[in-house]
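The structure appears right after this line, and notes come after that.
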Amino acid sequence: MPIREPINIVPIATSRSLRIPILTGGVDARAPVDTRGRRLRDLRISVTDRCNFRCTYCMPKEVFDANYDFLPHAELLTFEEIVRVAKISHELGVEKIRLTGGEPLLRRGIERLIEMLATSLPGVDLTLTTNGSALKAKAQSLKDAGLKRVTVSLDSLDDATFRAMNDVDFPVAKVLDAIDAAAAAGLGPIKINMVVKRGVNDHQIVDMARHFKGSGHIVRFIEFMDVGATNGWRMDDVIASAEVVRRIGVEFPLVVADANYQGEVAERWRYVGGGGEIGVISSVTQAFCATCTRARLSTDGQIFTCLFAEKGFDIKSLLRNGDKKGADSMIRDALAAIWQHRADGYSEIRTARSHDEAKARKVEMSFIGG
Ligand code: SAM
Ligand code: SF4
Ligand code: SF4
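Set out below in structure tokens:
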């Protein structure tokens, strides 16, 4: 691995983006380590900021209404640009890529992007997170294009609760059908994400566990997070993962399982006596920033080094300016420098900040990808 000297990158900063830092010398620019010793391993790519759901905790209807300014098409990264960033990120250490959004299956031609990524980066673990609304029809074509696995979001088995949470009256039966179709297409084991909100769907915790126990799918209970600035987050609405494990454990005894790999976000719990496992994601009550190896590429081509970042780094300008030939190394150095300067740990310091202060500045999850 080469040791690089300091280089100069044209600094870009607008009111919406951060100035790209300069790579400091004496470091391995092909495997950058951030200020806390964390490597870059995962890239989440938001392929659209649009969604056909209005989950109350993510894109509340009152904000994401008919007047909401979604990105114009020209602002979106093209598939070629996305693949270019993915390839360069892979050179820097990225082993896992997750396509997300917004609702990624709404991006026209998503199968073509998957095929391009799968062909250019055969060794990369390529996955996608979806609300499941268009998954039944697309499951086989996604698999054929090279997608390895899929994560489906599902907040309740109770139809009325589910319809109220997605806030567009989408029936739960269609998502359950989509999960079956994805499994039949070979996109399993399927992870099922349930965001738990007190008084809204916490009565469904044990039902969800019971329903998917023994199915081969893994339900992951996610603590409701204060992402973005519009979801009206309050700590009182959070059900701690410890409480989720306790409630399920009353009916189905659980034992903690080892992580699959260092830095795994979900804590794994196995059913005693078989039936598979569940996961809990405790971003609020047990921050996992110390092992966070994720970068996010927003729909409009900015790199965010934290889900709770206030601004990103404008990579699109680098992609669109300058000659293609020499530019890959410039982009690689820019990404390495951004990672090298990273010090994020929002979840660790969340409680030290006033919520109003944080609320005023964070970007929406649908824009940078959950
Ligand atoms: N639309 C797709 C979906 O819903 O699966 C992908 C994008 S969505 C932003 C990615 C994940 O983030 C989903 O599993 C969703 O439930 C989760 N999410 C969104 N807002 C959240 C919040 N405030 N707290 C915790 N998880 C959240
Ligand atoms: Fe859409 Fe996913 Fe956000 Fe729900 S969580 S509004 S499905 S992007
Ligand atoms: Fe990673 Fe930021 Fe989440 Fe901490 S708060 S785990 S640094 S994305």
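Each residue of the sequence shown is one higher than the one before, counting from 376 in the working numbering.
Using N, Cα and C, we set each Cβ at its ideal position, and we do this for glycine too.
Quick caveat, the model's predicted, so the values are computed rather than measured.
Around the Cβ of residue i, are there at least 16 other Cβ atoms within 10 angstroms (buried) or fewer (exposed)?
| i | result |
| --- | --- |
| G477 | buried |
| Y443 | exposed |
| P407 | buried |
| T494 | exposed |
| M583 | buried |
| F742 | buried |
| V655 | buried |
| Y432 | buried |
| I378 | The pLDDT assigned to I378 is 33, lower than 50, so where the model puts this residue is not dependable; a value taken from the coordinates is nonetheless given after this. Exposed. |
Classify residue i as helix, strand or coil using the three-state DSSP reduction.
| i | result |
| --- | --- |
| Y443 | coil |
| K572 | strand |
| T475 | strand |
| W608 | coil |
| A711 | helix |
| T399 | coil |
| L747 | Beyond the ends of the chain as shown, which are 376 and 745, falls residue 747; an answer cannot be given. |
| F627 | coil |
| D409 | coil |
| R391 | coil |
| D552 | helix |
| D500 | strand |
| F454 | helix |
| I704 | At residue 704 the sequence reads Ser, which differs from the Ile that was named. If DSSP states are grouped into helix, strand and coil, S704 belongs with the helices. |
| I565 | coil |
Taking the alpha helix (DSSP H) that residue i belongs to, which residues open and close that run?
| i | result |
| --- | --- |
| S692 | K691 to R695 |
| V581 | I580 to F587 |
| T494 | I485 to S495 |
| S741 | M740 to I743 |
Output the boundary residues of the beta strand (DSSP E) element that contains residue i.
| i | result |
| --- | --- |
| Y646 | E642 to Y646 |
| R595 | I593 to E598 |
| A718 | It is not in any beta strand (DSSP E) - A718 carries neither H nor E in the DSSP assignment. |
| G652 | Note that residue 652 is Glu in the sequence shown, not Gly. Unbroken beta strand (DSSP E) run through E652: E652 to I656. |
| A670 | R669 to L672 |
| F679 | Q677 to F679 |
For the segment 505 to 547, list the alpha helix (DSSP H) runs that are entirely contained and at least 4 residues long, ordered along the chain. 510 to 520 and 534 to 541
With ligand 3 as the reference, list in chain order each residue whose Cβ lies under 7 Å from any of its heavy atoms. S658, A662, F663, C664, C667, R669, C681, L682, F683, D719, G720, Y721, S722 and E723
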